[in-house]
Structure formats: C-alpha cells, structure tokens
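One structure is given here, and the rest of the page talks about it.
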Amino acid sequence: MPLSEHEQRLFDQIERSLAEDPKFASAVRASDPRFHARRRLLVAAFVIVLGLALLVYGAVSQNTPLGVAGFVVMLGSAAFAMQSRRRIQTPDLKSVGGTASRRTRQGRKSGGFLERLEDRWRQRPEGHR
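Numbering of the sequence shown is given in the working numbering, commencing with residue 4 and proceeding in unit increments.
See below:
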C-alpha cells in the first residue's frame, strides 16, 4: 500500500533529520553486527599478511620455528576470517517487542517428499476424509 502524500512528506522530513545527525549515524553503525564482522575481517587479512611475512622470513633465515609460527598465525587468522565472513552473510535476527524465528534447513531424510505428504495427510482437518 503506497504512502499518502502527507505521510511521504513526513517520512522524507524524518529521513533528512536522521541523516543530518552524526551522533545517531555512529550509534547505528556501532550497533550493527555486520560492521564489527567487516572490521574483524580486515584485521584477519592484515594478520594473514603478517603471518606470511613471518613464514617467508623464517624460510629465508633458515629459522624453522619462526616459519612454523608464521604458518600457524596464518592458519588461525584464516579461520578467524572465515568465521567473520559467515557472520556478515548470516546476520542475527533480533526482535523488538515480539518473537522472531529463523527457518533452518533440517537434514533431508531419504523419503522427504513422501514424509511431508504423510504429515500433511495426518494434519488435515477431521471433516475432510
């Protein structure tokens, strides 16, 4: 349903006033989980590069423990980056004054289609036989 002309003007006025408030914008940005996940992803990328530098320096200086430490740092940082990437792609659902739910995929059974049909048959109203 489209907004009326009056509602559209009010909406535009509210939008302009919120856009002009830098304190509000920073508060919204700070509470956004995707912002934090992006920052963690950038930190992880930096640490991966640092681990690569340690690995190369350890190989060049023939210091095996330093090279292994660089590899471990890279591996841990890559795992951290993958976790942060998943958080960007699947933000948490939050509810204001109610309940929210997320549909998750259940493991498919071998007879998924037939089981759904049987479930629908069992859950049908009693008067329709």
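All C-beta atoms in this analysis are idealised placements derived from N, C-alpha and C, irrespective of residue type, glycine included.
Three-state class that DSSP yields for residue i in the structure shown
i	result
GLN16	helix
ASP24	coil
GLU118	helix
ARG125	helix
SER87	helix
SER29	helix
Anticipated Cβ contact below 8 Å, residue i with residue j, distance rounded
i	j	result
LEU53	VAL76	7 Å
LEU21	PHE14	Contact doesn't hold; Cβ gap of about 11 Å is too wide.
LEU57	ALA72	6 Å
Straight-line Cα distance separating residue j from residue i
i	j	result
HIS39	GLU23	23 Å
LEU69	PHE83	21 Å
ALA62	ARG41	32 Å
SER80	VAL46	9 Å
ARG19	ALA30	17 Å
ARG123	MET85	39 Å
HIS9	ILE17	12 Å
TYR60	PHE74	11 Å
Okay, do the segment 78 to 92 and the segment 114 to 128 touch, 3+ Cβ pairs below 8 Å being the bar?
Two segments are said to touch when three or more pairs of C-beta atoms, one from each, lie closer than 8 Å; by this definition the segment 78 to 92 does not touch the segment 114 to 128.
Could you tell me which whole beta strand (DSSP E) segments of length 3 or greater appear in the segment 45 to 80?
Here no run is fully enclosed.
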